[in-house]
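First up is the structure itself, then whatever we jot down about it.
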Amino acid sequence: MTRSLAIALLLLLPALAFAQTPAQPAASAGDPVKGREKTRMCEGCHGIEGWRTAFPEVYRVPKLGGQHEAYIAAALKEYKSGARSHPSMRAIAGGLTDDDIANLAAYYAQGGVKTASQ
Amino acid sequence: MMTGIRVSLLVASFALAAAAHGADLAAGQAKAKEICQACHGLDGNSTVADYPKLGGQYPDYLSKALRDYKSGARKNPIMAGFAGALTAQDIDNLAAYYASQPPVLARKY
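Taken in order, these protein sequences are the chains called A and B. Position 84, counted from 1, in the first sequence is what numbering that gives the first Met the number 0 calls 83; the numbers after and before it change by one each time, with no gaps. Position 99, counted from 1, in the second sequence is what numbering that gives the first Met the number 0 calls 98; the numbers after and before it change by one each time, with no gaps.
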């Protein structure tokens, strides 16, 4: 009896852990106010409606407002390390500290469009 | 000379029409249900912080991202598997579909 209960609990554990993951709101590590002070290098492209990057390919630069904080921070870190390549983003992210990245991510994560599902 | 210009204009207008109307939203939605929905949501409004929101993102940015995942220029083990199985037409369809969803993203200064 005790044994089957223990097995059932063991089986449930991963499910419980998984269920909890999305429920925890991403802890906001960055300071959006400080992030705002660092956006001068960003807004020349990301602040202009429909702005296209011209090299090496022509496409509109992504909208950032309302994007997940963790995703923005991960993207900046990948640009900084060179894991993700884009000449301008590599140069800009290369000059950011980890704190800058956290703050910028916190700033851009705010200000998305609220939808019914949120 | 004039014929040459006319032919080039004709070719150019076909190329433009193909670029503007080449994407099939219904096919994009079907593919999204099949492979993207689990992480990014059917409307692109991902609720998991590691997976970017896609709803209302520019379609040319989305297709560029998918092409880069497919080619390996952008490295992500999860996306490499999914994008690697997409055709160029699938990519156009998916990019157009997610771009057409209610925008959860906004341009921000």
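For every residue, glycine included, the Cβ atom is placed at its ideal position computed from N, Cα and C.
- Residue burial is scored here from C-beta neighbours: Ala90 of chain A has fewer than 16 other C-beta atoms within 10 angstroms and is therefore classed as exposed.
- If the five residues before and after His85 of chain A are omitted, its C-beta is found closer than 7 Å to the C-beta atoms of Tyr78, all from its own chain and listed in chain order.
- Of all residues in the stretch 59 to 72 of chain B, only Asp59, Tyr60, Ser62, Lys63 and Ala72 place a beta-carbon less than 8 Å from a beta-carbon of chain A.
- Under the three-state reduction of DSSP, Tyr58 of chain A is assigned to strand.
- Selection A:Ile100, A:Pro31 and A:Gly34 evaluated against Tyr70 of chain A yields A:Ile100 as nearest (Cα-Cα).
- In the structure shown, the three-state DSSP call for Arg83 of chain A is coil.
- Ranked by how close their Cα comes to the Cα of Pro102 of chain B, the residues A:Met40, A:Ala73, A:Arg39 and A:Lys62 have A:Lys62 in first place.
- Rounded to whole angstroms, the gap between the alpha carbons of His67 of chain A and Gly34 of chain A is 15 Å.
- In summary, Arg39 of chain A is exposed, with fewer than 16 beta-carbon neighbours lying within 10 Å of its beta-carbon over all protein chains present.
- With a threshold of 8 Å between beta carbons, Arg39 of chain A makes no contact with chain B.
- Close to Glu68 of chain A, with beta-carbon spacing below 8 Å, are these residues of chain B in chain order: Ala48.
- Per DSSP, Val32 of chain A is one residue of the alpha helix (DSSP H) stretching across Pro31 to Arg35.
- Note on Ser62 of chain B: 16 or more other CB atoms within 10 angstroms of its CB, so buried under the neighbour-count rule.
- For Thr52 of chain A, the pairing in a beta bridge is given by DSSP as A:Tyr58.
- Only Arg59, Val60, Pro61, Lys62, Leu63, Gly64, Gly65, Gln66, His67, Glu68, Ala69, Tyr70, Ile71, Ala73, Ala74, Glu77, Ala82, Arg83 and Ser84 from the stretch 59 to 84 of chain A bring a Cβ to less than 9 Å from some Cβ of chain B.
- Around the beta-carbon of Gly49 of chain A, fewer than 16 other beta-carbon atoms lie within 10 Å, marking it exposed.
- Less than 8 Å divides the Cβ of Tyr58 of chain A from the Cβ of Tyr60 of chain B.
- Taking the C-beta atoms as reference points, Leu104 of chain B is found nearer than 8 Å to Gly65 of chain A.
- Rounded to the nearest whole angstrom, the C-alpha separation of Cys38 of chain B and Ser45 of chain B is 6 Å.
- Shown here for Pro51 of chain B: same chain residues with a beta carbon closer than 7 Å to its own, the five before and five after excluded, namely Ser45 in chain order.
- In the DSSP secondary-structure assignment, Gly64 of chain A is bridged to B:Ala105.
- Following the DSSP letters along the chain, one finds Ile47 of chain A in no alpha helix (DSSP H), marked with neither H nor E.
- In this structure, Ile90 of chain B keeps its C-beta atom at 8 Å or more from the C-beta atom of Leu53 of chain B.
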